[in-house]
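In my numbering, the protein residues as written are 8 to 628.
Quick notes on the structure that follows.
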């Protein structure tokens, strides 16, 4: 490549964030370059063999609606699909899939090859900045590549250090070199950096497991895909298996805890609270005599088994001894030990809601460099960063997602507003409007935005239009009246005719109990069965929770007024009379873009908001 080669967008890193960014930029017709140290690792699933899960499944659906690739790839590579939390309220139901990691990675690589994105082997060690705008990157080789915008998606590679007991080595992932130099460059530009830690469990040899001592875990009999455009969907239902730890296992861990770098003090970085290591579980939850573990195949007919729930940085011998104390794993052998990894990240309070830097124009951050954990979180950020890099280059309006329209909006708002003290993971509990953010109504929530940014193919748009048309038809049909004899086969009784919609509000009555003739005029052949059933079900959810939904919408209307109050980034909060010391510090650090964002900053009081509001009103006068 020549020194003066120029691209519209350069993407540093080829993980899930980088892939989504590259594909959407390519789709929009931009000249895109992915710079990666290992082209063979593009799209690699470096940890668990699964996509989706609690709140993560909603993220994948939203990625699909905004034109991303993760949903369609997961549908192609999936070997087991399940909707989690069915025993709880519908707002927290979340799709999840076990996937064939090898097939997933191959599918991603094929998509990249079919796109116009150029993949370059190299390591970015510096950025070229001119007039507070990114204009290029510098490779370790000394080569300079010009660009109009740049997206940093470095994963765990920035100054990465792997820990296995007392052993440690510089690495981005096991067997892969870390990225050195870029952190120094960013810090020299004024960016704040810090350290986080995450981990992965050991991989077991399938042939050394006594499967008769485990419990089989299957997916749904009638599975639901992630992508609304997955028309032909008949995945295999490959079983996983579950086992439990025991007191003997815990004793082994307790006796050797001093050799874990988390306990010895060798690791200072903070690990994920909601995905703790097995040694954390044993000590933090000492009142539990056992913990669930799941044995998951990493690909079809795989001899390599992922031990979900057993992330660890203990010495390899201790890991093995602890596992061999568990029923079914007496003779188990490792294919790879578990390990912890420390890496640099850049607190995302330094970013706008578009994921663009507040100080360097055209520079975007996404994925684990922002302090997040998980494929889905990374992919969602990469997609948003890619869309907004396109908008930046083309001079168009950026995409800004809100807390009330998407889980992606919740995640980004949390990242840029709240202190990131540990690897951020998406949960339904983080979304105060989760009843509005059901995975089954993603089309309603985000289709207009996807049309605005023009990231969907015509085929994908057509599928969504058909779903929305079906929804309208069903909503119209439930206005019809039903007579007592038409519901005599159900658990409910009525004494006179009443609208079907009122009957559906009853907890014991389902829309699928309704007389079939009420929907006989609707053509259900336009969509696959899983999709039409999902639409019916979501209409039912909308009806049953109508009162709660209306209350949420009223709250949102009030909040959105504060989101319309824009705050200049040049305000000197330190000189603002009446602000608390913490208010001055937090406002100066985050530099909120709107009054609404300011009110969500941790540590900010109503009094601080009142002072800020008075200041803003005076400025308007």
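Beta carbons: idealized from backbone N, C-alpha and C, even for Gly.
Model, not experiment: these values are computed from the prediction.
- The beta-carbon separation of residue 28 and residue 18, rounded to 5 Å, stays under the 8 Å limit for a contact.
- As a beta-bridge residue in DSSP terms, residue 315 pairs with 301.
- Shown here for residue 547: same chain residues with a beta carbon closer than 7 Å to its own, the five before and five after excluded, namely 511, 517 and 518 in chain order.
- Residue 441 and residue 260 have their C-alpha atoms some 38 Å from each other.
- By the C-beta density criterion, residue 201 is exposed, having fewer than 16 other C-beta atoms within 10 angstroms.
- In this structure, residue 353 keeps its C-beta atom at 8 Å or more from the C-beta atom of residue 363.
- In the DSSP annotation of this structure, residue 452 is not part of any beta strand (DSSP E); the continuous alpha helix (DSSP H) holding it starts and ends at 449-460.
- Within its own chain, the residues whose Cβ lies closer than 6 Å to the Cβ of residue 594, once the five positions on either side in sequence are excluded, are 580, listed in chain order.
- Contact annotation, residue 105 with residue 314: C-beta distance approximately 14 Å; criterion of less than 8 Å not satisfied.
- In the displayed model, residue 88 falls within a strand according to three-state DSSP.
- A Cβ-Cβ distance of about 5 Å is found for the pair residue 320 and residue 170, placing them in contact under the 8 Å criterion.
- Between residue 118 and the set 178, 94 and 33, the nearest pair of CA atoms involves 33.
- Put simply, the backbone Cα of residue 355 is about 47 Å away from that of residue 219.
- Excluding sequence positions up to five before and after residue 317, its CB lies within less than 6 Å of the CB of 208, 285 and 300, all in the same chain and listed in chain order.
- One thing to note: residue 489 has its Cβ no nearer than 8 Å to the Cβ of residue 514.
- Shown here, residue 573 sits in a strand according to DSSP, grouped into three states.
- When Cβ pairs closer than 8 Å are counted between the two stretches, the stretch 409-422 is seen not to touch the stretch 42-56, the count staying below three.
- Contact check for residue 154 against residue 376 fails: the beta carbons are separated by 8 Å or more.
- With a 10 Å radius around the Cβ and a threshold of 16 neighbouring Cβ atoms, residue 326 comes out buried.
- Collapsing the DSSP output to three states places residue 64 in a helix.
- Closest in alpha carbon position to residue 81, among 73, 93, 64 and 92, is 64.
- In this structure, 41 is the residue among 41, 573 and 236 with its C-alpha nearest to the C-alpha of residue 152.
- The beta carbon of residue 127 lies closer than 8 Å to those of 8, 40, 41, 42, 43 and 152 in the same chain, with the five residues before and after it left out.
- By the CB criterion at 8 Å, residue 88 and residue 227 fall inside the cutoff.
- In the DSSP assignment, residue 540 falls within the alpha helix (DSSP H) that extends over 536-551.
- Note on geometry: alpha-carbon atoms of residue 598 and residue 73 lie some 28 Å from one another.
- As the crow flies, the alpha-carbon of residue 585 is around 50 Å from that of residue 57.
- Under the 8 Å Cβ criterion, the stretch 387-400 does not count as touching the stretch 134-152, having fewer than three qualifying pairs.
- For residue 399, the enclosing alpha helix (DSSP H) begins and ends at 382-401.
- Fewer than three Cβ pairs drawn from the stretch 527-539 and the stretch 553-569 lie within less than 8 Å of each other, which leaves the two stretches out of contact.
- Within the same chain, and ignoring the five residues on either side of residue 222 in sequence, the residues whose Cβ sits closer than 8 Å to its Cβ are 248, 249 and 250.
- Around the Cβ of residue 576, a 10 Å sphere holds fewer than 16 other Cβ atoms; the residue is exposed.
- The beta carbons of residue 350 and residue 195 sit no closer together than 8 Å.
- In the DSSP assignment, residue 342 falls within the unbroken beta strand (DSSP E) covering 341-343.
- DSSP links residue 183 through a beta bridge to 180.
- Residue 624 is classed as exposed because its beta carbon has fewer than 16 other beta carbons within 10 Å across all chains shown.
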